[in-house]
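Following: one structure in structure tokens, then a few remarks.
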Amino acid sequence: MTSSDSGAMPLILAVPSKGRLQENASAFFGRAGLRLAQGAGARDYRGKLVGVPGVEVRYLSASEIAAQLASGAAHLGVTGEDLIRETLPDVRGQVELLTPLGFGNATVVVAVPQAWIDVRAMADLDEVAALMRTRHGRRLRVATKYVNLTRRFFAEKGVADYRIVESLGATEGAPAAGSAEIVVDITTTGATLSANALKVLDDGIILRSEANLVASLKAPWGESQRAALRTVLGRIAAEERARTTREVRAALPESGTIDLATIAGLHEAELPYGAPRGSDGEIVMRCPEGVVFELAGALVEAGARAVTVRRVDYAFAAENLLAERLLARL
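Count the sequence shown with the working numbering and you get residues 77 to 406, in order.
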């Protein structure tokens, strides 16, 4: 979406306002050379990206960030995929999930009492629901904060005879309190569910979630916002590319030659600086982290006198795949 009135507006980046999510988000942007600077004091919920003009940072709760992205009040945001898929009725039409960030990991699951030894899968809930109606004259109750995710998942599994009890507190305690028979809740290790005598159904994993960098398709995307976007995503892409890349330097033999093109092709490597002048130069290659040992071994076997490997801080490229994917949808 573009807007003729958006030229003077900054690109709005919404990040978590507190806790581990804020710390991890700051670390993520910091690795990409994008330092978040909050205003004067912890109660100031606005800030900036140091060295990147045209970007305003807003500190919000994770659920508020999902809503702001849905409405177009924020251009980019860091929030959990679970909140995006729970809050937005049309994820594909409202936002673009740009990249997972490697933190905020949790799983949305269906859990039932451990005492239900014959209930192992979603298909077993139909029988439980029928017994509930026969014996108690009411539907199977499901306690959850994830109303929309629950309804979609239960529909996919063909489970219809139930009712949702919206949870305002600790969802895992609902069965013990007598307010629900089963729960749909978020878990990281499963320890809290076990402590409340609950077990996850074998096919009861609804979503494996983590924090994502998310872009709004509803926000006003003028030229100034697009320019700021390219800068931000360019640095993020360069850091991501560098994290999985290694630089390999090889001193070539004093006599004879090495078929560098063939070696590079066999090991997913590239020659970013071209071939050296003369037969006794040093060649610099880049390759995926996972093939470093194979590439180094191939170079030594071919006659290289010394091979060294180093990490790369940033690896910029002419193409900006993150930005291009988003801009193609705007």
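Every residue gets a Cβ at the ideal spot worked out from N, C-alpha and C, and that includes glycine.
The structure presented is a predicted model; accordingly, all values stated were derived computationally and were not measured.
The beta carbon of Val188 sits closer than 6 angstroms to those of Val195, Ile258, all from its chain and outside the five residues before and after it, given in chain order. Residues of the same chain with a CB within less than 7 angstroms of the CB of Pro86, apart from the 5 flanking positions on each side, are Gly130, Val131, Glu132 in chain order. Assigned with DSSP and collapsed to three states, Val235 falls in coil, not helix or strand. Pro92 places its beta carbon less than 9 angstroms from that of Ser137.
Per DSSP, the continuous alpha helix (DSSP H) segment holding Asn100 begins and ends at 95–107. Less than 9 angstroms separates the beta-carbon of Ala113 from that of Gly123. Assigned with DSSP and collapsed to three states, Asp279 falls in strand.
The Cβ atoms of Glu299 and Thr268 do not sit closer than 9 angstroms to each other.
When rounded, the separation of the alpha-carbon atoms in Ala256 and Asp166 is 29 angstroms. For Glu377, the uninterrupted alpha helix (DSSP H) run begins and ends at 368–378, by DSSP. For Val195, the secondary structure class from DSSP, reduced to helix, strand or coil, is coil.
Annotation for Gly310: Asn396 place their beta carbon closer than 6 angstroms to its own, counting only its chain and skipping 5 residues before and after. Pairwise C-beta distances place the segment 329–349 out of contact with the segment 289–298, as fewer than three of them are shorter than 8 angstroms. For the pair Leu110 and Val128, the CB atoms are nearer than the 9 angstroms cut-off.
Leu173 places its beta carbon 9 angstroms or farther from that of Leu283. For the set His212, Gly178, Ala236, Ile193, the Cα lying nearest the Cα of Asp278 is the one of Ile193.
With the rule of 3 Cβ pairs closer than 8 angstroms, the segment 209–218 does not count as touching the segment 308–327.
The Cβ atoms of Arg386 and Glu323 lie closer than 9 angstroms to each other. By the neighbour-count criterion, in which a residue is buried when 16 or more other Cβ atoms sit within 10 angstroms of its Cβ, Gly213 is exposed.
Ala345 sits away from Ala382, with the two beta carbons spaced by 9 angstroms or more. At the C-beta level, Val376 and Leu152 stay beyond 9 angstroms of one another.
Taking a contact as a CB-CB distance under 8 angstroms, the pair Leu274 and Pro251 counts as one, their CB atoms being some 7 angstroms apart. Beta-bridge partners assigned by DSSP to Gln301: none are found. DSSP, read as helix, strand or coil, puts Asp261 in strand. Just so you know, the alpha carbons of Val126 and Thr384 end up roughly 35 angstroms apart. For Glu248, there is no enclosing beta strand (DSSP E), since its DSSP letter is neither H nor E. Bridge pairing for Pro364: Thr321 [DSSP]. Excluding sequence positions up to five before and after Ile262, its CB lies within less than 6 angstroms of the CB of Ala182, Val184, all in the same chain and listed in chain order. 9 angstroms or more divides the Cβ of Val367 from the Cβ of Leu347. Comparing alpha carbon positions, the residue from Asp237, Ala84, Gln170, Ile339 closest to Ala372 is Ile339.
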